[in-house]
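**Student:** Here the protein sequences line up with chains A and B, keeping their order. Quick note on our numbering: the first sequence kicks off at 66 and runs consecutively. Quick note on our numbering: the second sequence kicks off at 5 and runs consecutively. Built from N, CA and C at the ideal position, the CB exists for glycine as well. Computed from a predicted model, the values in this text were never measured in an experiment. Once you've had a glance at the structure underneath, I'll fire off some questions.
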Amino acid sequence: MAATARPISPAASLMSVGGPVTKVQVTVNGQLYTAEVEPRTLLVFFLREILGLTGTHVGCDTSNCGVCTVHLDGRPVKSCTVLAVQANGCQVKTVEGLEVGGKLSPVQQAFYEEHGLQCGFCTPGMMMTATALLERNPNPSDGEIRDAIRGNLCRCTGYVNIVKAVKSAGKKMQAPPASGGSP
Amino acid sequence: MFPPQFEYYAPNSVDEAVALLSRFHGDAKVLAGGHSLIPLMKLRLASPSVLVDIQRIPGLSYIREEGNHLKIGATTRTNDLLDSALLRKSYPILTDAAQEIADPLVRNLGTVGGNLCHGDPGNDLPACMLALGAEMALAGPEGHRTVPASQFYKDTFVTVVEPNEMLVEVRIPKTSARQGMAYHKIEKRVGDFAMAGVAANLVLDENGNVTSAGIGLTGLGPTAIHATRAAASLVGQPADEAHLRRAAELAQEESQPSTDLRGPAAYKRAMAGVVAYRVLTRAIARAKGGA
Numbered sequence: 066m067a068a069t070a071r072p073i074s075p076a077a078s079l080m081s082v083g084g085p086v087t088k089v090q091v092t093v094n095g096q097l098y099t100a101e102v103e104p105r106t107l108l109v110f111f112l113r114e115i116l117g118l119t120g121t122h123v124g125c126d127t128s129n130c131g132v133c134t135v136h137l138d139g140r141p142v143k144s145c146t147v148l149a150v151q152a153n154g155c156q157v158k159t160v161e162g163l164e165v166g167g168k169l170s171p172v173q174q175a176f177y178e179e180h181g182l183q184c185g186f187c188t189p190g191m192m193m194t195a196t197a198l199l200e201r202n203p204n205p206s207d208g209e210i211r212d213a214i215r216g217n218l219c220r221c222t223g224y225v226n227i228v229k230a231v232k233s234a235g236k237k238m239q240a241p242p243a244s245g246g247s248p
Numbered sequence: 005m006f007p008p009q010f011e012y013y014a015p016n017s018v019d020e021a022v023a024l025l026s027r028f029h030g031d032a033k034v035l036a037g038g039h040s041l042i043p044l045m046k047l048r049l050a051s052p053s054v055l056v057d058i059q060r061i062p063g064l065s066y067i068r069e070e071g072n073h074l075k076i077g078a079t080t081r082t083n084d085l086l087d088s089a090l091l092r093k094s095y096p097i098l099t100d101a102a103q104e105i106a107d108p109l110v111r112n113l114g115t116v117g118g119n120l121c122h123g124d125p126g127n128d129l130p131a132c133m134l135a136l137g138a139e140m141a142l143a144g145p146e147g148h149r150t151v152p153a154s155q156f157y158k159d160t161f162v163t164v165v166e167p168n169e170m171l172v173e174v175r176i177p178k179t180s181a182r183q184g185m186a187y188h189k190i191e192k193r194v195g196d197f198a199m200a201g202v203a204a205n206l207v208l209d210e211n212g213n214v215t216s217a218g219i220g221l222t223g224l225g226p227t228a229i230h231a232t233r234a235a236a237s238l239v240g241q242p243a244d245e246a247h248l249r250r251a252a253e254l255a256q257e258e259s260q261p262s263t264d265l266r267g268p269a270a271y272k273r274a275m276a277g278v279v280a281y282r283v284l285t286r287a288i289a290r291a292k293g294g295a
């Protein structure tokens, strides 16, 4: 499939004010984007302000809180501490890329069912970390889940329901597809 | 929060990187995982006018035994240390340290070379390299040179790496039978820098006497500290409680902590001894075949 370069929003041109720009090509949720950015542009800014993918949040902006977590070439990272130029040529997956065909992913469904969120601010990052964990380890223990989300802070509910949601998502991912699904 | 403006280069070889560092002598910084440098730049504590991104240089990310050494490439990620079965089995001090560095997300980008070259006395790998007697291999315009870890750190954030040089590899002497090593730190909160951290590496003879020892301290001075008196006190001695306690006391004496947000100097010094004893005990247990 030939990748299409999408037109970039007007915010992109703002980024070229004041400094030399460099071209980056990043595949985000399967779609190739090309943009000219200043080298100091952070990946989270690129995603939110240039591509308009505001599901990824900015919290502490100092790589502590983890709300900006996205997958970079399959690994969860804090996008507030990655330059867009560092992601040049890479695959990025954001929370917008979790659902498939309008259907919530097992992790999203489990966070919904287990009340794994209250205000929802940490949720995108929490779900990206959880998704990466379950891809590596579909049946994690409570301890392994808590260790995996060490870099994601939740300030409302605490972590009990988040851990329950991740466990439940792991079970969903292992369960045989429900009857009536595609053969 | 944006970093200040800079020019960005992504060389494809060490030679190219060194040429860039030479060209912008002193104005350029090496960018690896970026998890120390980018926060410093956002806070305007660093504002290099050029960044040389070494992550795209092929062949700088590896963990392998070769000849008499374990060799680790500069851009090896912290989580690669944690995932390595070789390290878990034969160099568990690095597994210990990796799982105490920041959090899993940061470890996916943070590199071994960055952790070592940043020169932050709170970083965990420098103390491990001191304990292990590692050597740092640096590439510069005149070729390569190696520097022992014990001569690598000059002051806080200052290493012997010249502005036109970069770290390419860390070389650690291969482990032998009856060798044990461990690392641990006390943190104020999970994922924080150490209030007190200790790395220990010991070799026993068949009678259980210590034949060689290395001890490094994290977060207990202006740089990682090579606790040579503590280590020397163990050599030739039986690895019993009295000798481990004495070595821990000496490590405490060799620490030079200062009071900061992570705690008062007196507390950190006291904890240096506590952690040293725990880590030495663990290293001895491992040397005797335990976990």
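Once you ignore the five residues that flank SER180 of chain B on each side, which residues in its own chain have a CB closer than 8 angstroms to its CB?
**Tutor:** Correct list, in chain order: VAL207.
**Student:** Considering LYS229 of chain A, what are the terminal residues of the alpha helix (DSSP H) in which it resides?
**Tutor:** Element bounds for LYS229 of chain A: 225-239.
**Student:** Are there 16 or more other CB atoms within 10 angstroms of the CB of LYS236 of chain A, so buried, or fewer, so exposed?
**Tutor:** Result: exposed.
**Student:** Kindly indicate the opening and closing residues of the alpha helix (DSSP H) around THR232 of chain B.
**Tutor:** Element bounds for THR232 of chain B: 232-236.
**Student:** Where does LYS46 of chain B fall in DSSP's three states?
**Tutor:** In this structure, LYS46 of chain B counts as helix in the three-state DSSP scheme.
**Student:** Bridge partners of TYR187 of chain B, per DSSP?
**Tutor:** BP columns for TYR187 of chain B point to B:ALA203.
**Student:** Taking all protein chains shown into account, decide if VAL165 of chain B is buried (16 or more other Cβ within 10 angstroms of its Cβ) or exposed.
**Tutor:** With 16 or more Cβ atoms within 10 Å of its Cβ, VAL165 of chain B is classed as buried.
**Student:** Return the first residue and the last residue of the alpha helix (DSSP H) that PRO152 of chain B is part of.
**Tutor:** Careful: PRO152 of chain B lies outside any alpha helix (DSSP H), inside the beta strand (DSSP E) at 147-152.
**Student:** Counting only the same chain and skipping the five closest in sequence on each side, list residues whose C-beta sits under 7 angstroms from that of HIS29 of chain B.
**Tutor:** Cβ within range, chain order: PRO167, ASN168.
**Student:** Nearest chain B C-beta to ASP207 of chain A closer than 8 angstroms, yes or no?
**Tutor:** By this cut-off, ASP207 of chain A is not an interface position.
**Student:** Starting from the N-terminal side, write out each stretch of the alpha helix (DSSP H) that is 4 residues or longer and does not extend beyond the stretch 67-97 of chain B.
**Tutor:** The qualifying runs are 82-87, 89-94.
**Student:** To the nearest angstrom, report how far apart THR92 of chain A and THR115 of chain B are at their CA atoms.
**Tutor:** Taking the straight line joining both Cα atoms gives about 24 angstroms.
**Student:** Helix, strand or coil: which one does DSSP assign to GLY114 of chain B?
**Tutor:** The answer is coil: DSSP assigns GLY114 of chain B none of H, G, I, E or B.
**Student:** At a CB distance below 8 angstroms, what residues from the stretch 182-200 of chain A approach chain B? Give them in sequence order.
**Tutor:** For the stretch 182-200 of chain A, which is checked against every Cβ of chain B, the residues closer than 8 angstroms are THR194.
**Student:** Return the CA-CA distance between LEU224 of chain B and ALA200 of chain B, expressed in angstroms with no decimal places.
**Tutor:** Their Cα atoms are separated by approximately 6 angstroms.
**Student:** Against chain B, with Cβ distances strictly below 8 angstroms, would GLU103 of chain A count as a contact?
**Tutor:** It does; some Cβ of chain B falls within 8 angstroms.
**Student:** Quick one: measure Cβ to Cβ for ARG92 of chain B and ARG111 of chain B, integer angstroms, because I've assumed they're closer than 8 angstroms.
**Tutor:** With 8 angstroms as the limit, ARG92 of chain B and ARG111 of chain B do not qualify as a contact, their Cβ atoms being about 15 angstroms apart.
**Student:** With a Cβ-Cβ cutoff of 8 angstroms, do ALA32 of chain B and LEU44 of chain B count as a contact?
**Tutor:** Taking 8 angstroms as the Cβ cut-off, ALA32 of chain B and LEU44 of chain B do not qualify as a contacting pair.
**Student:** Tell whether a beta-carbon distance below 8 angstroms holds between ILE76 of chain B and GLU173 of chain B.
**Tutor:** Their beta carbons are under 8 angstroms apart, which means ILE76 of chain B touches GLU173 of chain B by this criterion.
**Student:** Please identify, using Cβ separations under 9 angstroms, the residues of the stretch 86-110 of chain B that lie next to chain A, in order along the chain.
**Tutor:** Answer in chain order: GLN103, ALA106, ASP107, PRO108, LEU109, VAL110.
**Student:** Can LEU35 of chain B and ILE58 of chain B be called in contact, C-beta distance under 8 angstroms?
**Tutor:** A contact, by the Cβ cut-off of 8 angstroms.
**Student:** Do we get a CB-CB distance below 8 angstroms when we pair VAL194 of chain B with the residues of chain A?
**Tutor:** It does; some Cβ of chain A falls within 8 angstroms.
**Student:** Please confirm whether GLY277 of chain B has its beta-carbon closer than 8 angstroms to some beta-carbon of chain A.
**Tutor:** Chain A contact via Cβ: absent.
**Student:** Quick check: is the beta carbon of ILE42 of chain B nearer than 8 angstroms to any beta carbon in chain A?
**Tutor:** Yes, ILE42 of chain B lies at the interface with chain A (some Cβ there is under 8 angstroms from its Cβ).
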